[in-house]
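Here my numbering is used: the first residue of the sequence shown is 543, the next is one more, and so on.
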Amino acid sequence: MTINFSLKSIGILAGVFAILAGTSAAYFHFKKPDPVNMTQYSPGAEMRETVKIKRIEVPVERIITIEKEKVVEKLQLPIEVAKDPDKQIIATTKVPAYEGDTDVVAIVDTKTGEGSMVMKQEPVPLFAFQNKKELGGRFGYVAGESGLKQQVDLYGRWTVFRVGRIHVGLYGEINSKPEGKTAVDVSYRW
């Protein structure tokens, strides 16, 4: 089956895609960086839903903490926490990787003094700009009229946006034939 597109429809499709790609690039260029990174601890930003809610003092007879020296050693907490005797650790948790946001709430039981955390993943919005880039290579064999031949491929993929589980982006590839490919990449991911 062959699909024939006119030059005008290809131009319109390329223009729409260029606008979406440009919007995505501008969005991620001007977006504030995520406060969490892999090299150091950062204070978590308060959830916007709770920023304006009034703070109330609650009497607590005692608070049970986790042995600070061992937590600092195992988790390599920042020096500001490690050296400050007024800062104690009442709970820890790991938030599993997830494409959307995860809400985390610290809780203290005023009767026992124990701290804990609860978390809930927020549903991923239907539409989202993404800025995921991938570079890679492949080595293998290609079966053709002249038998098996070794082939090396170098490729790049840039996912620009997502609607539900359908991701749209650009794909480019060069190989050792030599030939090159470029395409709009549409994929369903789960």
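Glycine included, each C-beta is placed from N, C-alpha and C at the ideal position.
Inter-residue Cα distance where the pair is R699 and G557: 19 Å
Have a look at E721, Q692, S729 and G722 and flag the residue whose alpha-carbon is nearest the alpha-carbon of V705. That would be S729, whose Cα lies nearest to the Cα of V705.
Give the C-beta separation of A563 and V702 to the nearest angstrom, bearing in mind that I take them to be a contact with Cβ-Cβ under 8 Å. 5 Å
Give the straight-line distance between the Cα atoms of Q519 and L555, rounded to the nearest whole angstrom. Because the chain spans 543 through 732 in this model, residue 519 falls outside it and cannot be assessed.
DSSP three-state assignment for G564, whether helix, strand or coil: Here G564 sits in helix by DSSP.
Please report the residue range of the beta strand (DSSP E) in which I649 lies. T644 to V650
Pairwise C-alpha distance: L696 and I621: Looking at the two C-alpha atoms, the distance is approximately 44 Å.
Using a threshold of 8 Å, state whether the C-beta atoms of G679 and V694 are closer than that. yes
Indicate whether A633 and S658 have their beta-carbon atoms separated by less than 8 Å. yes
Is G586 helix, strand or coil by DSSP? When DSSP states are grouped into helix, strand and coil, G586 belongs to the coil group.
Which of the three DSSP states is assigned to S551 in this structure? In this structure, S551 counts as helix in the three-state DSSP scheme.
Hey, out of K723, R604, K610 and I595, whose CA is closest to K653's CA? Ranking K723, R604, K610 and I595 by CA distance to the CA of K653 puts R604 first.
Distance, Cα to Cα, G711 vs T607? So the alpha carbons of these two residues sit roughly 48 Å apart.
Just list the beta strand (DSSP E) runs in the stretch 630-697, keeping only unbroken ones of 3 residues or longer that don't cross its boundaries, in chain order. Correct list: 644-650, 657-663 and 669-686.
Between the beta-carbon of K616 and the beta-carbon of Q630, is there less than 8 Å? no
So which of E641, K612, A587 and E588 has the shortest CA-CA distance to W732? Minimum Cα distance to W732 is reached at E641.
Taking only three categories from DSSP, how would you classify K596? Three-state DSSP puts K596 in coil, outside helix and strand.
Determine the direct distance from the alpha carbon of E721 to that of Q692, and round the result to whole angstroms. Using only the alpha carbons, I get a separation of about 14 Å.
Closest residue to E588 among D645, D727 and D628 (Cα-Cα distance): D645
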